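See structure below.
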Amino acid sequence: NPGGDSINVGWTQTEVNYAIDQAKNFPGTVDELVIGNECIWGPNSAAAITQLITYAKTQIAALGLSIKVTTRQEWGVLAGVNNLDPGYAATRTAIINLLAACDGFVYANVYPYFDPNIASMPGAPTPTESDFKTAVTDSFNTSWDALTAAFAAQSITTVPRVGEIGWPTSGSQAAQPNAWLATPTYAQWHFEAISAALTASGILGFCFEAYDEPWKDTAGGGNSEAHFGIWTANGTSSAPGQYTLSGETQKYAPS
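Residue numbers (my numbering): 9 to 263.
The structure is reproduced here in structure tokens:
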């Protein structure tokens, strides 16, 4: 509940228990348990994730399992450890405590697609491949440098990894209204640029995402949130959460 800065800890514990059961019953299938995604809105939600990480660690230790536990949040929120505004003190402390609870690393979501300056790249709205890849790489590096600088300034030793980074192939949304940005060609160029940047820097991370999520779209279509996949998910949905997959179609071939 973003408005109430709250997380239903009991419900999430049920999901944690299920994941740990999978690890117990199917050895070798669970490497990490990532609790929470883009769900820090203030000190209470950050503290709730810390509570859940501690809970998960206790259950894992009792079973003698070897699973790392962490969280995945927006990079700018995690960089809040360096926000020294007095009014932010409670949230900052809660985030620092959360990072300390993580098993050595944390996932940070970074999206050049949502960079407010990305639509002003050289050559827009028809940039060359070189200009596009340079703009994407520069945007990522700027965000990542800001995050690592914030951690260093506050002596945070938790290592950041990229939790999500991706580019849509269709549509737009309020956070990025420029529909010309979302095409399979630009998505492929983004994948190649970010893969090269991560390889060169040695940063570990996940490119988002393998398959589209059609259930995120609006009734009239056009919401780019549903189109971040390398593959189109073909199917039907009778209701939210009831999507039936019938197949997939590759949209571009990542190198």
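A virtual CB, placed ideally from N, CA and C, is assigned to each residue, including glycine.
Bear in mind the structure is a predicted one, so any value in this text is a computation, not a measurement.
Residue closest to residue i, alpha-carbon to alpha-carbon, out of the options
{"i": "D111", "options": "D39, A190, M129 and S147", "result": "D39"}
{"i": "W197", "options": "G255, R169, A143 and G50", "result": "A143"}
{"i": "W19", "options": "G44, G12 and T37", "result": "G44"}
{"i": "S246", "options": "C215, A182 and P222", "result": "P222"}
{"i": "L71", "options": "Q59, A161 and N25", "result": "N25"}
{"i": "A218", "options": "A208, S254 and P262", "result": "P262"}
{"i": "L106", "options": "N16, E233 and P51", "result": "P51"}
{"i": "H235", "options": "Q181, Q250, D13 and S203", "result": "Q181"}
{"i": "I164", "options": "A109, L41, T37 and Q250", "result": "A109"}
Same chain only: Cβ atoms within 8 Å of residue i, ignoring 5 sequence neighbours per side
{"i": "L92", "result": "R100"}
{"i": "Q59", "result": "V17"}
Cβ-Cβ distance between residue i and residue j below 8 Å
{"i": "G174", "j": "Y115", "result": "no"}
{"i": "A54", "j": "I103", "result": "yes"}
{"i": "Q30", "j": "Y63", "result": "no"}
{"i": "G179", "j": "N242", "result": "no"}
{"i": "N33", "j": "A127", "result": "no"}
{"i": "D220", "j": "G237", "result": "yes"}
{"i": "K259", "j": "A201", "result": "no"}
{"i": "T177", "j": "T191", "result": "yes"}
{"i": "T257", "j": "T244", "result": "no"}
{"i": "F159", "j": "V77", "result": "no"}
{"i": "E137", "j": "Q81", "result": "no"}
Secondary structure of residue i, DSSP reduced to three states
{"i": "Q181", "result": "strand"}
{"i": "A261", "result": "coil"}
{"i": "Y96", "result": "helix"}
{"i": "F216", "result": "coil"}
{"i": "Y119", "result": "coil"}
{"i": "W175", "result": "coil"}
{"i": "P130", "result": "coil"}
{"i": "A187", "result": "helix"}
{"i": "N16", "result": "coil"}
{"i": "S74", "result": "coil"}
Same chain only: Cβ atoms within 6 Å of residue i, ignoring 5 sequence neighbours per side
{"i": "L73", "result": "A31"}
{"i": "T252", "result": "G243 and T244"}
Own chain partners of residue i with C-beta closer than 7 Å, once the 5 adjacent residues on each side are dropped
{"i": "V118", "result": "W83, F148, S151, W152, V170 and I173"}
{"i": "P133", "result": "W188"}
{"i": "A87", "result": "A154, L155 and A158"}
Neighbour flag for residue i against chain C, beta carbons, 8 Å
{"i": "T191", "result": "Although the question refers to chain C, the structure presented lacks it and comprises just one protein chain."}
For residue i, the first and last residue of its enclosing alpha helix (DSSP H)
{"i": "F159", "result": "E137 to A161"}
{"i": "E200", "result": "P192 to S209"}
{"i": "A85", "result": "For the record, residue 85 in the displayed sequence is Val; it is not Ala. Per DSSP, V85 belongs to the alpha helix (DSSP H) from W83 to L86."}
Closer than 7 Å: residue i CB and nearest the ligand FAD heavy atom
{"i": "V38", "result": "You won't find the ligand FAD in this model; it holds no ligand whatsoever."}
N-terminal and C-terminal residue of the beta strand (DSSP E) that residue i is part of
{"i": "W239", "result": "W239 to S245"}
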